[in-house]
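Step one of this worksheet: look at the structure below.
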Amino acid sequence: MSKPLRLGTRGSALALAQSQQTADALTAATGRPVELVRIVTPGDRSSAPVAQLGVGVFVSALRDALLAGEIDFAVHSYKDLPTATPPSLHIAAVPVREDPRDVLICRADRTLAELPPRSVIGTGAVRRIAQLHALGLELQVTPIRGNVDSRIARVRGPEADLDAVVIARAGVVRLGRTNEITETLDPMLMLPAPAQGALAVECRFDDADLVELLAALDHAPSRSAVVAERALLATLEAGCSAPVAAHAELAEGEDGDEIYLRGAVISPDGSRAIRLSRTGTPAEAAEIGKALAADLLENGADTLLGSTQ
0 MSKPLRLGTR
10 GSALALAQSQ
20 QTADALTAAT
30 GRPVELVRIV
40 TPGDRSSAPV
50 AQLGVGVFVS
60 ALRDALLAGE
70 IDFAVHSYKD
80 LPTATPPSLH
90 IAAVPVREDP
100 RDVLICRADR
110 TLAELPPRSV
120 IGTGAVRRIA
130 QLHALGLELQ
140 VTPIRGNVDS
150 RIARVRGPEA
160 DLDAVVIARA
170 GVVRLGRTNE
180 ITETLDPMLM
190 LPAPAQGALA
200 VECRFDDADL
210 VELLAALDHA
220 PSRSAVVAER
230 ALLATLEAGC
240 SAPVAAHAEL
250 AEGEDGDEIY
260 LRGAVISPDG
270 SRAIRLSRTG
280 TPAEAAEIGK
290 ALAADLLENG
300 ADTLLGSTQ
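The sequence shown runs contiguously to residue 308 in the numbering used here.
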């Protein structure tokens with residue numbers, strides 16, 4: 000029996016769920032047993048808003064454990080990763096991406112358009128807050144933190160204090176709580192965060208055997224979409240706390256598969272937004288993202304990003 004591979008994970012219910020799913024998929028594909036190793040990150044110890052904690056706050060401790068040889072590989076929510084990967088580490092796989100859209104969970108089972116004015120809606124992302132303001136629905140938007148279960152409890156629980164929350168559909172699905180969803184939000188209303196719904200399976204660059212083993216989990220269409228979205232984010236030099244949104248879709252074109260990438264930069268109060276798109280082949284994913292970011296900057300995106308500093 001092969002020695003179990005050590006998979007580093009945060010200890011939240013969502014992190015454990017997605018890490019266990021990854022472990023099970025790797026064992027099914029390769030026969031290698033995997034054990035989970037819980038790692039506490041600075042983000043788990045703090046109750047401050049994510050925007051204040053900074054990019055990579057949920058990632059650094061996992062990467063430190065990886066570099067120290069305490070774990071063999073790690074599973075991250077891809078959208079939490081800084082855009083630059085340390086040269087000694089490697090994203091060995093991007094598994095099949097979960098639905099990247101956001102969802103509304105509402106106490107009265109109303110859709111977003113049905114919420115009455117002054118309804119109090121909670122969310123943790125500057126991107127979502129900005130887009131909710133941009134809809135002009137006269138909602139009261141309040142920043143919240145916490146895991147998926149605690150956010151849903153702010154709406155559904157005995158001590159509920161919010162009318163609704165907006166969170167990522169992927170986390171709700173991975174925790175088996177899809178029955179809680181009131182509405183899955185159209186990206187035309189709420190464009191997702193770059194890489195939302197995707198996982199990044201990371202190991203040490205020099206661990207050639209493990210790099211090859213983990214490749215069994217890689218899903219090329221999901222990787223191409225994420226590469227395009229993350230290239231946009233990196234070119235804008237914006238982090239996960241900036242009001243930047245992007246969504247890449249792969250579709251069959253006249254000459255083969257084609258990527259359609261939409262990107263947006265929104266002012267925090269929702270009063271200004273720049274939304275553009277580009278298309279290209281999966282092989283050009285990074286170039287498409289960079290080019291769309293350049294288009295956004297040419298149209299004044301830097302002034303909106305600057306207003307968030």
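All residues carry an ideal CB built from backbone N, CA and C; glycine is no exception. This structure is a prediction, so every number in the text was calculated from the model and none was measured.
6 Å Cβ shell around residue i - same chain, five flanking residues per side excluded
i: alanine 64; result: Gly7, Ile38, Ile70
i: leucine 190; result: Ala244, His246, Ala263
i: glutamate 228; result: Pro193, Ala194, Ala245, Ala247
i: glutamate 312; result: The requested residue 312 is not part of the displayed model; the chain covers only 0 to 308.
Test item: CB-CB of residue i and residue j under 8 Å
i: alanine 245; j: arginine 261; result: yes
i: leucine 161; j: valine 154; result: yes
i: valine 200; j: alanine 272; result: no
i: proline 220; j: lysine 78; result: no
i: histidine 218; j: proline 94; result: yes
i: valine 165; j: leucine 136; result: no
i: proline 99; j: alanine 159; result: no
i: leucine 235; j: leucine 295; result: yes
i: alanine 230; j: glycine 288; result: yes
i: alanine 316; j: asparagine 146; result: Any property of residue 316 remains undetermined from this structure, which presents the chain solely from 0 to 308.
i: isoleucine 151; j: arginine 127; result: no
i: leucine 35; j: alanine 24; result: no
DSSP bridge partner residues for residue i (one or two, in chain order)
i: phenylalanine 72; result: Leu6, Cys202
i: alanine 263; result: Ala244, Arg274
i: aspartate 256; result: Glu251
i: alanine 167; result: Asp101
i: arginine 126; result: Answer by DSSP bridge pairing: none, since arginine 126 is not bridged.
i: glutamate 228; result: None, per the DSSP bridge assignment.
i: glutamine 139; result: Val119
i: glutamate 34; result: Arg5
i: glutamate 182; result: Leu103
i: isoleucine 90; result: Glu201
i: glycine 279; result: Ile258
Cβ neighbours of residue i in the same chain (closer than 8 Å, five flanking residues each side left out)
i: glycine 10; result: Arg37, Ile38, Val39, Asp43
i: serine 276; result: Tyr259, Leu260, Arg261, Gly262, Leu291
i: serine 149; result: none
i: glutamine 139; result: Arg117, Ser118, Val119, Ile120
i: cysteine 202; result: Leu65, Asp71, Phe72, Ala73, Leu88, His89, Ala91, Leu209, Val210, Leu213
i: arginine 274; result: Leu190, Arg261, Gly262, Ala263
i: glutamate 286; result: Ala230, Gly279
i: alanine 293; result: Thr234
i: glutamine 19; result: Leu35
i: leucine 188; result: Leu111, Gln130, Leu134
Reference residue i; option with closest CA among the options
i: leucine 80; options: Ala27, Ala167, Gln195, Ala292; result: Gln195
i: alanine 197; options: Val33, Lys289, Glu97, Ala230; result: Glu97
i: aspartate 254; options: Ser270, Thr234, Pro281; result: Pro281
i: threonine 310; options: Ile128, Thr183, Gly30; result: There is simply no residue 310 to check, as the chain begins at 0 and stops at 308 in what is shown.
i: alanine 224; options: Asp256, Pro85, Leu35, Asp208; result: Asp256
i: valine 125; options: Asp268, Ala293, Lys289, Gly279; result: Asp268
i: threonine 26; options: Val140, Ala107, Ala215, Leu231; result: Ala215
i: cysteine 105; options: Gly175, Gly156, Asp208, Cys202; result: Gly156
i: leucine 88; options: Ala112, Ala107, Leu61, Leu114; result: Leu61
i: leucine 232; options: Ala67, Ala300, Ala22; result: Ala300
i: glycine 279; options: Gly252, Lys2, Val102, Asn298; result: Gly252
i: aspartate 185; options: Phe204, Val102, Glu34; result: Val102
i: phenylalanine 72; options: Ala83, Ser1, Phe57, Val33; result: Val33
i: valine 58; options: Leu35, Gly68, Ala14; result: Ala14
i: serine 76; options: Ala207, Ala167, Asp206; result: Ala167
i: proline 242; options: Ala129, Gln20, Thr84, Leu188; result: Ala129
i: threonine 84; options: Met187, Val226, Gln19; result: Val226
i: threonine 181; options: Asp108, Met187, Gln19; result: Asp108
i: glycine 68; options: Asp206, Gln20, Pro86; result: Asp206
i: phenylalanine 204; options: Pro86, Glu297, Arg5; result: Pro86
Own chain partners of residue i with C-beta closer than 7 Å, once the 5 adjacent residues on each side are dropped
i: glutamine 17; result: Val74, Arg173, Leu198
i: leucine 212; result: Thr29, Arg31
i: alanine 133; result: Ile265, Gly269, Ala272
i: threonine 141; result: Val119, Gly121
i: serine 309; result: With the chain represented from 0 up to 308, any question about residue 309 goes unanswered, as that position is not in the structure.
i: proline 325; result: In the structure as shown, the chain begins at 0 and stops at 308. Residue 325 is therefore absent and cannot be evaluated.
i: arginine 222; result: Val93
i: arginine 5; result: Glu34, Val36, Ile70, Asp71
Closer than 7 Å: residue i CB and nearest the ligand FAD heavy atom
i: alanine 233; result: Looking for the ligand FAD in the displayed structure turns up nothing, as the structure carries no ligands at all.
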